[in-house]
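Mapped onto the numbering used here, the consecutive letters of the sequence shown carry residue numbers 10 to 503.
Cβ atoms here follow ideal geometry from the backbone N, Cα and C, with glycine treated the same way.
What you are looking at is a predicted structure, and each value in this text was computed from that prediction instead of being measured.
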Amino acid sequence: MVSKEQFLEIKRCRARGMKAAEIANKVGISAPSVRKWWDIEEKTFDERIKGNIAYLDNYREFILNILRLCPQTRETNIYYRLQEEFPDFHCHKKTFYKYMKMLRKQTGFAQFNHRNTSPREESPPGYEGQVDFGQFRMKDMYRKTVRVYFFCMVLAYSRMHFLYFSREPFTTITAIRAHEYAFRYFGGRPQTLRYDQDRVFVVDENFGNIVLVPAFEAFARAAGFSVRLCRPHDPQSKGKVESFVRYVKESFLTGRIYTGIDNLNSVALRWLDNEGNVTSNLRTRKPPRELFAEEARYLERYTPVQLEATMIRSVSDKFLVTVGWSVYELPHHKVRQYDQIRIEEQDGVLLFYKADSGELIHKCPKHDSEGGVTVYAPQESQTDFVASNTIRYKFAACDAIDAFVERITENQPRYKNAQCNRVLSLANMYSIDQVAEGIEYCVRVNICNVNELTAFLIFRHGDIYAKKHLSKNMYYNNRKRAEEIRREQDGRYL
């Protein structure tokens with residue numbers, strides 16, 4: 010079989026009046042082959058070479074570009090990509106697999122082989138479905154790495170697949186939404202769904218004592234399906250969906266360019282219709298679509314569920330959770346990254362609980378409109394409370410003490426505790442009355458901080474104690490300020 014380039018060269022040489030032997034020497038084939046092809050029309054030639062190895066050479070560079078990027082890309086993925094990029098591409102799969110085997114042998118792009126797993130007993134139609142999550146790093150058009158997350162559901166009897174992508178990690182609410190999309194795609198729901206012990210669904214599982222996330226438990230109860238959890242480190246319990254997750258990565262995502270999450274979901278549904286659900290399964294030897302025609306009769310009807318106001322969110326790396334389109338910051342000392350938080354709304358106030366223990370960690374008013382950020386404003390800590398009360402008790406006879414503490418809190422709230430402790434230390438170096446006089450001075454000139462107080466004490470009562478207990482730089486600065494206060498006071502009495 011000659012290639013398209015050889016055929017066109019034969020036609021050009023024939024038009025110039027060259028003989029068959031001359032053309033055969035130039036093209037590199039025999040003279041009888043030249044005579045066989047030089048009278049055939051180009052359209053007839055294209056029809057004849059379809060399905061032949063020489064025909065696939067026209068797409069060799071496109072295939073090699075995929076293999077250079079990801080050598081482990083499966084043949085089914087490349088075949089589907091060719092159908093996407095070249096609408097006129099037509100080739101039998103067996104011929105394409107033979108060509109890919111020859112091409113990999115020539116170029117050295119070997120394919121990775123996975124281990125085989127043992128099968129499990131088949132489920133009756135409409136009884137079981139299997140759910141799992143996956144994630145994959147893609148390249149966008151600017152060669153930047155983008156991580157996408159996807160939700161998979163497989164009906165155990167027919168192997169009918171569903172696939173849904175998200176740009177963000179799945180939370181309980183987004184996973185519930187993906188379930189609803191899957192039930193809508195299948196036209197119903199199975200009786201049982203099998204899961205890993207994922208924290209999106211499960212709080213704890215201890216020897217069969219299952220504690221589900223409240224929002225997911227309410228959804229499962231309202232939708233009417235039962236939940237079965239796999240044992241830890243036992244992927245074969247739901248091997249059908251595990252295989253589909255790997256199939257999505259190898260046959261759909263590998264080598265694909267990320268062009269937006271909506272486009273990826275649209276292409277994924279088209280891929281399911283053209284490839285994922287029409288390719289014969291190795292175990293059943295039938296396409297999932299064919300068996301689904303039988304299983305669809307056994308699926309239970311699904312009615313959309315209206316969930317309660319309870320929400321589950323994951324804490325971000327900046328201690329934030331999103332409710333609607335608004336962002337709320339949580340106490341840094343009470344939560345960690347990716348903790349599951351249960352959120353309830355009561356009379357316009359959001360209550361934030363730990364999903365596993367039920368501990369109330371924060372509450373704040375809900376935004377009236379969508380958008381905005383609520384920053385966590387910590388209340389006065391126990392240490393600050395003790396320090397401010399101690400200074401008030403010790404200088405109870407000083408009328409200006411409350412104003413002094415309030416202005417310290419207003420001007421420098423972060424250093425309130427440290428300044429209160431420094432005032433107490435000054436009371437050990439000077440007398441209570443002397444420090445009280447300095448406090449009244451600070452309030453009078455409206456400069457309420459410990460440095461101004463120390464400078465006034467040095468001005469009024471000397472620097473013997475200050476020089477002994479303060480650092481060199483602090484003593485120098487306070488001494489300099491004391492001289493300024495002296496000049497201010499002298500100017501006042503002149």
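Sequence-distant Cβ neighbours of V459 in its own chain, meaning closer than 7 Å and more than five residues away, are Q428, R431, V432. Contact check for M162 and A224: beta-carbon distance about 18 Å, past the 8 Å limit, so the pair fails to qualify. In the three-state reduction of the DSSP assignment, C457 falls in the coil class, being assigned neither a helical nor a strand state.
Secondary structure at M483: helix, using DSSP grouped into helix, strand and coil. Under the DSSP assignment, K363 falls outside any alpha helix (DSSP H), being part of the beta strand (DSSP E) whose first and last residues are 358-363. With 16 or more neighbouring CB atoms inside 10 Å of its own CB, T180 falls in the buried class. Under the 10 Å beta carbon count, S434 is surrounded by fewer than 16 other beta carbons and is classified as exposed.
One thing to note: P313 has its Cβ within 8 Å of the Cβ of E189. For R310 against M147, the beta-carbon gap comes to about 37 Å, at or over 8 Å, which does not count as contact. When secondary structure is reduced to three states using DSSP, E368 falls in the coil class, being assigned neither helix nor strand.
Put simply, the backbone Cα of T104 is about 33 Å away from that of F174.
Burial of Q349 is indicated by the presence of at least 16 other C-beta atoms within 10 angstroms of its C-beta. Following the DSSP letters along the chain, one finds H170 inside the beta strand (DSSP E) bounded by residues 170-175. The Cβ atoms of V330 and Y337 sit closer than 8 Å to each other. In this structure, DSSP gives P178 a state outside helix and strand, which the three-state scheme calls coil. When the alpha-carbon of Y151 is set against those of T268, P199, S252, the nearest one is in T268. Only residues of its own chain outside the window of five on either side were considered, and among them C457 have a CB closer than 6 Å to the CB of R416, listed in chain order. Burial state of T53 is exposed, judged by a 10 Å Cβ sphere holding fewer than 16 other Cβ atoms.
The beta carbon of F413 sits closer than 7 Å to those of I448, C451, V452, C457, all from its chain and outside the five residues before and after it, given in chain order. In the structure shown, the three-state DSSP call for K28 is coil.
According to DSSP, M147 shares a beta bridge with V155. Counting C-beta atoms within 10 angstroms of its own C-beta, D205 has 16 or more neighbours from the protein chains shown and is therefore classed as buried. Taking the C-beta atoms as reference points, V222 is found no nearer than 8 Å to V236.
If you ignore the 5 residues before and after K114, its C-beta comes within less than 6 Å of no other C-beta in its own chain.
F160 places its beta carbon less than 8 Å from that of A184. In this chain, the beta strand (DSSP E) harbouring S323 covers 320-323.
Contact annotation: R298 and N286 have beta-carbon atoms nearer than 8 Å. A straight-line Cα-Cα distance of about 39 Å links A302 and D66. Nearest in C-alpha terms to S246, of all of L281, V140, R294, is V140.
The continuous stretches of beta strand (DSSP E) do not include E415, which lies in the alpha helix (DSSP H) extending over residues 410-420. In terms of Cα proximity to S440, the closest of K45, S378, H470, R69 is H470. V254: member of the alpha helix (DSSP H) spanning 248-257, first to last residue. Counting other Cβ atoms within 10 Å of its Cβ, G143 reaches 16 or more and is therefore classed as buried.
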